[in-house]
Each structure stands twice: as structure tokens, then as C-alpha cells.
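>
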Amino acid sequence: MNLDATDRKILRILQQDARISNLDLAAKINLSPTPCARRVRRLEEMGCIMGSTVLLDPEVLGLNLTSYLAVAMERHTNEQFEKFESQVVKFPEVVGCSVVTGRSEDYLLKVVARNMKHYEEFLLGRLSRLPGVTNLHSSFELRNVIPNKGLPVDL
């Protein structure tokens with residue numbers, strides 16, 4: 022991927038404020054608006070920019086509990102993993118899901134819930150009942166130290 026310093030600066034700025042106007046972005050990177058828009062479009066076409074989103078405050082929305090939930094699967098087959106993944110993406114409480122190594126569990130989920138009762142309903146009433154799930158381990162977030170930092174574009 023051929024990214025120059027200007028491309029990287031665009032990516033840094035857009036990670037901080039995806040709603041910035043092209044005119045303001047162009048001014049911040051010392052380009053005229055047309056070449057700036059071309060660069061952003063090229064970054065989108067290259068797949069560097071996959072979309073833009075709005076960050077929401079979970080506490081304001083009443084989502085006061087965040088858990089990192091390790092999930093172990095019964096069998097390590099593509100079919101078992103595909104079935105699990107097709108179901109877990111449907112749960113609105115699951116805001117992140119990664120296949121992991123280095124531990125006995127296979128997945129690490131980031132889960133948000135209103136409170137412990139909501140979390141219990143999700144965990145025992147839905148997630149643990151998915152076929153192939155054999156072990157669950159919850160760790161609760163006390164405080165988020167680095168929220169939504171964005172990716173380091175200069176590495």
C-alpha cells in the first residue's frame with residue numbers, strides 16, 4: 022500500500038472527525054478541495070477507509086456494564102466456528118468478536134448490557150445455549166482507559 026505523509030495525515034484527521042467537511046479537511050492538510058477529495062476517494066477505493074461511524078456513549082444509552090467474554094467451543098472445525106459466528110453477530114449486546122489464540126478459549130467477545138440482570142439473561146438465556154459452546158469466562162471492565170483511539174497510521 023503506497024501511502025504518503027499527506028494520506029496518513031488525512032487518515033489521522035478522519036479517525037478523529039469523520040464528519041469534517043472536505044473544505045476543512047483540505048485546509049488542515051494544505052491542499053485545495055478537489056485534490057483532497059480525490060485522495061479521500063482513492064483511500065476509500067484502496068480499502069483504507071471502510072466507512073464512517075458515530076461514536077456513542079454507552080453510559081448515556083444506559084449500557085452500564087461491559088464484559089470481555091471468553092468462549093470455548095466443543096469442536097475446532099470450520100463448520101462449528103461458522104455456525105457460532107453466524108449466530109453471535111445477531112446479538113445486539115455483542116459489539117466485538119475475535120478468534121484468539123494463547124488461551125483455552127477460542128473467541129473473545131466484547132459485550133455491553135444495561136446491568137447484571139440483562140447480562141445474565143444474555144449469557145445464560147442465549148449465548149450459552151448456542152450449539153458447540155462448552156465454556157464461558159467473563160471479565161468485567163472497571164474503566165476504559167483508551168476509548169476509541171483509532172489505528173496508528175504511521176507504523
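Numbering-wise, the numbering used here comes out as the position in the sequence shown, counting from 1, plus 21.
In this text, a Cβ means the ideal position worked out from N, Cα and C, and glycines have one as well.
Restricting to runs no shorter than 4 residues, where is the alpha helix (DSSP H) found entirely within the stretch 91–136?
Listed in chain order, they are 99–109.
> Is it right to say residue 143 is buried, meaning 16 or more other beta carbons lie within 10 angstroms of its own, or is it exposed?
Flag for residue 143 reads buried.
> Is residue 134 buried or exposed, if buried means 16 or more other CB atoms sit within 10 Å of its CB?
Classification for residue 134: buried.
> Taking a contact to mean a Cβ-Cβ separation below 8 Å, would you say residue 61 touches residue 31 in this structure?
Cβ atoms of residue 61 and residue 31: closer than 8 Å.
> With three or more C-beta pairs closer than 8 Å as the rule, is the stretch 58–78 touching the stretch 107–117?
Contact fails: fewer than three Cβ-Cβ distances are below 8 Å.
> Mind checking which residues open and close the alpha helix (DSSP H) that includes residue 43?
Per DSSP, residue 43 belongs to the alpha helix (DSSP H) from 43–49.
> Nearest to residue 138 by alpha carbon, out of 51, 85, 79 and 29?
Minimum Cα distance to residue 138 is reached at 85.
> Residues bridged to residue 158 by DSSP?
Answer is 91, bridged to residue 158.
> Go ahead and pull the three-state DSSP assignment for residue 148.
Looking at residue 148 - three-state DSSP - the assignment turns out to be helix.
> From the DSSP secondary-structure annotation, give me the bridge partner or partners of residue 86.
DSSP output for residue 86 lists 134 as bridge partner(s).
> Using the C-alpha atoms, what's the distance from residue 96 back to residue 63?
Approximately 42 Å, taken between the alpha carbons.
> Quick check: what's the CA-CA separation for residue 92 versus residue 54?
Residue 92 and residue 54: Cα-Cα distance of roughly 48 Å.
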